[in-house]
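*Asks:*
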Amino acid sequence: MKSIITIVSVFLLLVFTNSAIAQKQLREGSLQYDISISSDKSETPVANSLNGATLTVYLKPALSRTEMKSTLGTETTVFDNGAGAGFILKEYSGQKLMISMNAGNWSEKNKLYENLNFVISNEVVRIGDYNCKKATATLQDGKIFTVYFNPDIVISNKKYNNAFGQLQGLPVQYELQSGNLNFKYTLNKLSNDAVSQSKFDTPKSGYRVMTYEENQQLKKSK
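Residue 135 in this note's numbering sits at position 11 of the sequence shown, with consecutive numbering throughout.
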């Protein structure tokens with residue numbers, strides 16, 4: 125009996141070890157997503173202006189930078205997990221704004237996607253160069269969040285995006301809803317190249333600076 129238990133234990137150990145070895149860790153590199161926007165309404169100026177936008181994510185183990193570029197302008201978010209600090213850069217219509225953030229601000233900004241419980245489907249879908257599994261989760265506002273992910277690649281920096289902290293794989297395609305707009309992000313490029321530290325540096329000048337709290341109050345006053 126002991127020999128059977130030993131054999132089973134060794135077998136399970138080999139299975140989990142092989143699974144861990146099969147997964148590739150993306151510790152540093154970049155991801156680029158194409159963004160498409162659709163709406164139930166036939167005429168949506170915002171959707172038309174944002175179609176063709178891109179989202180680029182630069183990653184290090186404790187650092188992240190996301191850049192969303194569209195015809196309207198550019199919005200960049202940088203966060204240092206170790207220091208618990210970061211900033212948001214907004215560049216629209218010739219105006220340049222920098223919003224400082226601490227760890228509490230970062231949590232508040234991403235609270236809608238905290239601790240998501242994904243339901244994983246056994247269905248495999250081919251998206252671009254990746255075989256993906258479908259994962260769905262219900263957000264705090266009741267909306268369904270759908271992600272197609274590749275389980276062979278895991279991002280080391282789990283805090284770069286709260287939405288994917290519980291997801292064991294690479295987000296290849298995902299959809300978000302905002303009002304009557306549906307945003308679809310599709311991965312078109314993955315790079316394992318080293319990312320320059322300067323990508324995460326705080327700009328020294330050229331921006332109007334305010335705190336996260338000041339920016340929230342500004343939004344409420346509009």
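Think of the CB as a built atom: it goes at the ideal place given N, C-alpha and C, for glycine as much as any other residue.
What is the DSSP secondary structure of Tyr298, reduced to helix, strand or coil?
*Replies:* strand
*Asks:* Once DSSP output is grouped into helix, strand and coil, what is the label at Leu213?
*Replies:* strand
*Asks:* Quick check on DSSP: helix, strand or coil for Lys323?
*Replies:* helix
*Asks:* With distance defined between alpha-carbon atoms, name the residue in Glu337, Ser345, Lys343, Leu342 nearest to Trp230.
*Replies:* Comparing Cα-Cα distances from Trp230 to each of Glu337, Ser345, Lys343, Leu342, the minimum goes to Glu337.
*Asks:* How would you call Thr201, buried or exposed, if buried means at least 16 neighbouring beta carbons within 10 angstroms?
*Replies:* buried
*Asks:* Going straight from the alpha carbon of Phe273 to that of Met334, what length do you get?
*Replies:* 36 Å
*Asks:* Do you know whose CA, among Asn316, Gln301, Ser315, lies nearest Tyr309's CA?
*Replies:* Gln301
*Asks:* Assuming Ser245 is part of the beta strand (DSSP E), what are its boundary residues?
*Replies:* From DSSP, the beta strand (DSSP E) with Ser245 extends over 243–251.
*Asks:* What separation, rounded to the nearest whole angstrom, lies between the Cα atoms of Lys267 and Val181?
*Replies:* 24 Å
*Asks:* Determine whether the beta carbon atoms of Asn286 and Asn234 lie at a separation below 8 Å.
*Replies:* yes
*Asks:* Buried or exposed: where does Asp204 fall if 16 or more other Cβ atoms within 10 Å of its Cβ makes it buried?
*Replies:* buried
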